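Q: The opening position of the sequence shown corresponds to residue 13 in our numbering, with each subsequent residue numbered one higher. From the three backbone atoms N, C-alpha and C, an ideal C-beta is built for every residue, glycine too. Predicted model, so just to flag it, every value in this text is computed and none were measured. Would you mind keeping the following structure in view while I ask a few things?
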Amino acid sequence: MNYRMIVYIMGQILRIVGLCMLLPIFIGFYYGESHVISTFGIPTFITLAISFVFTIKKPKNRSVYSMEGFISVAASWVAMSAIGALPFVISGEIPHYIDALYETVSGFTTTGSTIMNDVESMSRSCILWRAFTHWLGGMGVLMFVLAVMNSNDVRTMHMMRAECAGPNVGRLVSKSSFSARILYVIYIALTLAEIIVLCLLKMPLFDAVIHSFSSAGTGGFSLWNDSIGHYNSSAIEMAVAIFILLFGVNFNLYYFIALKKISLVWKNEELRTYLGIIAFSTVAIAVSLLGKYDSVLESFKDSFFMVCSTITSTGFATVDTGEWNNFAQTLLLLLMFVGACAGSTGGGMKVSRILIIVKTGIRELKYIVSPRAVATVKMDGKPVEKDVIRGASNYFILFMLIYAFSVLLLSFDSFTMEENISAVTTCMNNIGFGVGRLDTSGNFSGFSAFSKLVLCFDMLIGRLEIYPLILLFGIRRKY
């Protein structure tokens with residue numbers, strides 16, 4: 013294994029994180045927050061110092077294979093989460109490090125679950141950093157590094173595969189660095205578009221930036237305790253819902269739109285399924301809640317927002333879902349597992365992976381009925397490679413094993429079985445809210461330090477899609 017290259021890649025990633033910590037310092041100065049120099053200055057210095065040591069000498073052997081790509085990405089995410097928690101501790105706004113680590117991991121993994129009882133008491137600089145971790149983690153810090161690197165090495169695909177979500181990762185153009193740049197241009201453009209739209213809808217600029225960062229990463233951190241519901245504006249709610257829906261779409265499709273290849277977009281089976289699930293779930297929940305609302309329109313509005321927020325793993329809220337009926341809450345719980353499209357910033361298992369697993373099951377049923385039948389699993393009219401099918405099945409098995417073991421570990425706390433199950437569900441699928449004391453009006457502060465560490469692991473497992481973190485902590489043989 014090329015350890016020297018792993019360290020070098022980590023240094024590049026930590027440099028980006030360190031430089032990004034300068035942004036909250038400027039915001040703190042603007043709002044007259046005197047503590048901002050020590051709060052962010054110390055972590056910035058530590059991060060940049062580590063980065064300098066890691067990158068002072070370029071490795072002679074710069075080859076990156078699957079193992080190096082996965083290990084470097086996983087180690088970098090653990091390191092930047094550990095350092096990114098320091099501003100909260102230094103400022104005293106989250107005095108206990110485990111709580112600060114949980115909040116930071118939730119930010120970078122775009123989960124959005126929180127231990128904060130009163131978000132509104134936080135300083136503006138910490139609120140910005142908290143939301144900005146969503147934006148950084150949404151597309152991936154390594155993707156940003158690849159975007160600014162001028163690399164022709166086809167092996168950078170191993171790094172992209174380690175950080176990009178979905179059963180398969182491909183380049184838009186011949187160079188991985190150019191692909192990363194295209195994706196980041198789309199990401200930035202959509203973020204700026206949301207900021208502008210929210211400002212036009214009379215949301216204050218700082219609020220618009222915070223919520224756009226959270227929407228872009230499909231994270232869900234807000235600067236208000238009652239989230240998007242604070243504004244009591246149907247226009248703002250619908251604008252945010254549409255943008256988080258857009259961020260849950262495979263970003264490759266936006267590139268096709270830019271090239272005017274609209275037919276390729278509509279032929280995408282995952283996109284059609286994704287939109288179909290949203291439409292069906294919205295109608296089903298809205299109809300089930302008609303007796304609770306004064307008007308049909310209001311029922312559909314809240315249902316649409318919460319469906320979009322859940323399936324994209326954003327976690328914003330306009331209502332207290334704990335007051336909804338069991339059918340609505342159960343359907344939202346199922347949507348957490350489905351998730352958004354592959355190649356998006358959304359969490360969950362991804363629609364394409366669910367489609368492959370379902371189609372594989374149907375194919376096996378056909379074999380049972382007619383052993384001589386020739387049946388293939390197809391996506392977008394094309395046969396799916398055996399490696400992709402095997403990968404989707406293996407991912408599901410590993411996901412459920414880790415899921416079950418995590419629920420077992422959480423059982424030592426005083427929460428109910430339903431709450432423990434929803435906690436692991438929301439963390440592994442990077443959603444943000446659960447049921448009971450963990451619903452949209454609650455938080456995760458009641459869990460023990462041990463349980464919070466388990467959930468931190470689950471959030472990282474969900475964001476990096478299992479394999480990088482398993483290889484980092486579970487590897488035993490030499491390569």
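(1) May I have the straight-line CA-CA distance separating L210 from S234, to the nearest angstrom?
(2) Suppose only complete runs of 4+ residues qualify. What are the alpha helix (DSSP H) ranges in the segment 13–75, listed by chain order?
(3) In chain order, what are the residue ranges of uninterrupted alpha helix (DSSP H) at least 4 long that sit wholly in the segment 193–259?
(4) Measuring alpha carbon to alpha carbon, tell me which of Y42, F64, M33 and F66 ends up nearest T51.
(5) Does the Cβ of N432 have 16 or more other Cβ atoms within 10 Å, making it buried, or fewer, making it exposed?
(6) Just to confirm the assignment, what range does the alpha helix (DSSP H) spanning C320 have?
(7) Rounded to whole angstroms, what is the Cα-Cα separation between S226 and R16?
(8) Give me the Cα-Cα distance between F526 and D130, rounded to the nearest whole angstrom.
(9) Helix or strand or just coil, what does DSSP make of M348?
(10) For a cutoff of 8 Å on Cβ pairs, would you count V295 as touching chain B?
(11) If I measure Cβ to Cβ from W147 and keep anything under 6 Å in the same chain, skipping five residues before and after, which residues do I get?
(12) Give me whichever residues DSSP pairs with P395 in a beta bridge.
(13) Can the beta-carbon of I368 be found closer than 8 Å to that of V350?
(14) Compute the beta-carbon to beta-carbon distance between I240 and V252, rounded to the nearest angstrom, for a pair I have assumed lies under 8 Å.
(15) What residues in its chain sit with their C-beta under 6 Å from that of L140, if we drop five residues either side in the sequence?
(16) Would V48 and S137 qualify as a contact pair, given that the criterion is a beta-carbon distance under 8 Å?
(17) Within 10 angstroms of its Cβ, does I207 collect 16 or more other Cβ (buried), or is it exposed?
(18) Less than 8 Å separating the beta-carbons of S356 and F268?
(19) Around the C-beta of V261, are 16 or more other C-beta atoms found within 10 angstroms, so that it is buried, or is it exposed?
(20) Contact between the segment 398–410 and the segment 421–429 is defined here as three or more beta-carbon pairs at a separation below 8 Å; is this criterion met?
(21) Label R384 either buried or exposed according to how many other C-beta atoms from any shown protein chain fall within 10 Å of its C-beta, with 16 as the threshold for buried.
(22) Using CA coordinates, which residue listed in M13, T56, A86 and I68 is at the minimum distance from Y4?
(23) Compute the distance between the beta-carbons of F82 and L483, then report whether it is under 8 Å.
(24) Anyone know if the C-beta pair for A352 and S325 falls short of 8 Å?
(25) When we look at the beta-carbon of A97 and count the other beta-carbons within 10 Å, is it buried (16 or more) or exposed?
(26) Between the C-alpha atoms of L271 and M318, what's the straight-line distance to the nearest angstrom?
(27) List the whole-angstrom C-beta distance separating S118 from S125, where the pair is believed to meet the contact cut-off of C-beta under 8 Å.
(28) Can you tell which of L481, G486 and L476 has the C-alpha that lies nearest to the C-alpha of M151?
(29) Counting C-beta neighbours from all protein chains within 10 Å, is the total for E335 16 or more, i.e. buried, or is it exposed?
(30) Do E249 and K313 have their beta-carbon atoms positioned less than 8 Å apart in this structure?
(31) Suppose you measure from the CA of G149 to the CA of I297; what does that come to, to the nearest Å?
(32) Take S457 as the anchor and find which of A94, A435, L472 and M440 has the nearest alpha-carbon.
(33) Hey, would you say Y407 sits closer than 8 Å to R365, going by beta carbons?
(34) How far does the alpha helix (DSSP H) with W336 in it extend, from its first residue to its last?
(35) Please return the same chain residues whose Cβ sits closer than 6 Å to the Cβ of I198, not counting the five positions on each side in sequence.
(36) Along the chain, where does the alpha helix (DSSP H) containing R136 start, and where does it finish?
A: Quick answer:
(1) Translated into positions along the sequence shown, residue 210 becomes position 198. Translated into positions along the sequence shown, residue 234 becomes position 222. Taking the straight line from one Cα to the other gives about 14 Å.
(2) Considered as a whole, the segment 13–75 harbours 15–32, 34–42 and 48–67 as its complete alpha helix (DSSP H) runs of no fewer than 4 residues, in chain order.
(3) 217–228 and 246–259
(4) Residue numbering aside, residue 51 sits at position 39 when the sequence shown is read from its first letter. For T51, the nearest C-alpha among the options comes from M33.
(5) The residue given as residue 432 occupies position 420 in the sequence shown. Looking at its Cβ environment, which holds 16 or more other Cβ atoms inside 10 Å, N432 is buried.
(6) The sequence position of residue 320 within the sequence shown is 308, counting from 1. Its alpha helix (DSSP H) spans residues V308 to I323.
(7) Taking the sequence shown and counting its residues from 1, the one referred to as residue 226 is at position 214. Taking the sequence shown and counting its residues from 1, the one referred to as residue 16 is at position 4. Their backbone Cα atoms lie some 35 Å apart in a straight line.
(8) Residue 526 is absent from the structure shown; the chain starts at 13 and stops at 491.
(9) For the purposes of this step, residue 348 is taken as the residue at position 336 of the sequence shown. Three-state result, M348: helix.
(10) No chain B appears in the structure shown, which is made up of a single protein chain.
(11) Translated into the one-based positions of the sequence shown, residue 147 becomes position 135. Answer for W147: F225, A228 and G229, listed in chain order.
(12) Within the sequence shown, residue 395 is the residue found at index 383, counting from 1. P395 is bridged to K390.
(13) Translated into positions along the sequence shown, residue 368 becomes position 356. Translated into positions along the sequence shown, residue 350 becomes position 338. No, the pair does not count as a contact, with Cβ atoms beyond the cut-off.
(14) Position 228 of the sequence shown holds residue 240. Position 240 of the sequence shown holds residue 252. Rounded to the nearest angstrom, the Cβ distance from I240 to V252 is 6 Å, consistent with a contact under 8 Å.
(15) On the sequence shown, position 128 is the one that residue 140 refers to. P36 and I39.
(16) For the purposes of this step, residue 48 is identified with residue 36 of the sequence shown, where counting begins at 1. For the purposes of this step, residue 137 is identified with residue 125 of the sequence shown, where counting begins at 1. Going by C-beta atoms, V48 is nearer than 8 Å to S137.
(17) As a working mapping, residue 207 is identified with position 195 in the sequence shown. Buried: at least 16 other Cβ atoms inside 10 Å.
(18) For the purposes of this step, residue 356 is identified with residue 344 of the sequence shown, where counting begins at 1. For the purposes of this step, residue 268 is identified with residue 256 of the sequence shown, where counting begins at 1. No; because the gap between Cβ atoms is not below 8 Å, this pair is not in contact.
(19) Against the sequence shown, residue 261 aligns to sequence position 249. Burial call: buried.
(20) Contact fails: fewer than three Cβ-Cβ distances are below 8 Å.
(21) The residue you call residue 384 lines up with position 372 of the sequence shown. Counting of Cβ neighbours within 10 angstroms places R384 among the exposed residues, the total staying below 16.
(22) Any question about residue 4 goes unanswered here, given that the chain covers just 13 to 491.
(23) Here residue 82 refers to the residue found at position 70 when the sequence shown is read from its first residue. Here residue 483 refers to the residue found at position 471 when the sequence shown is read from its first residue. Between F82 and L483, the gap from beta carbon to beta carbon is short of 8 Å.
(24) As a working note, residue 352 is residue 340 in the sequence shown. As a working note, residue 325 is residue 313 in the sequence shown. Result yes, Cβ atoms of A352 and S325 sit closer than 8 Å.
(25) Indexing the sequence shown from 1 puts residue 97 at position 85. Buried.
(26) Here the question's residue 271 lines up with position 259 in the sequence shown. Here the question's residue 318 lines up with position 306 in the sequence shown. Approximately 32 Å between the Cα atoms of the pair.
(27) Mapped onto the sequence shown, residue 118 falls at position 106. Mapped onto the sequence shown, residue 125 falls at position 113. In this structure S118 touches S125 by the C-beta definition: roughly 5 Å separates them, less than 8 Å.
(28) What you label residue 151 is simply residue 139 of the sequence shown in a count that begins at 1. Comparing Cα-Cα distances from M151 to each of L481, G486 and L476, the minimum goes to L476.
(29) The residue given as residue 335 occupies position 323 in the sequence shown. Flag for E335 reads exposed.
(30) Here residue 313 refers to the residue found at position 301 of the sequence shown. Here residue 249 refers to the residue found at position 237 of the sequence shown. In contact: K313 and E249 (Cβ atoms closer than 8 Å).
(31) Translated into positions along the sequence shown, residue 149 becomes position 137. Translated into positions along the sequence shown, residue 297 becomes position 285. So the two alpha carbons sit approximately 31 Å from each other.
(32) As a working mapping, residue 457 is identified with position 445 in the sequence shown. When A94, A435, L472 and M440 are compared, the shortest CA-CA separation from S457 is found for A435.
(33) Reading the sequence shown from its first residue, position 395 is the one you call residue 407. Reading the sequence shown from its first residue, position 353 is the one you call residue 365. Going by C-beta atoms, Y407 is nearer than 8 Å to R365.
(34) By 1-based counting over the sequence shown, the position of residue 336 is 324. Run containing W336: none; DSSP gives neither H nor E here.
(35) For the purposes of this step, residue 198 is taken as the residue at position 186 of the sequence shown. Same-chain partners within the cutoff: F263 and Y266.
(36) Within the sequence shown, numbered from 1, the residue matching residue 136 stands at position 124. Segment R136 to M151, the alpha helix (DSSP H) holding R136.
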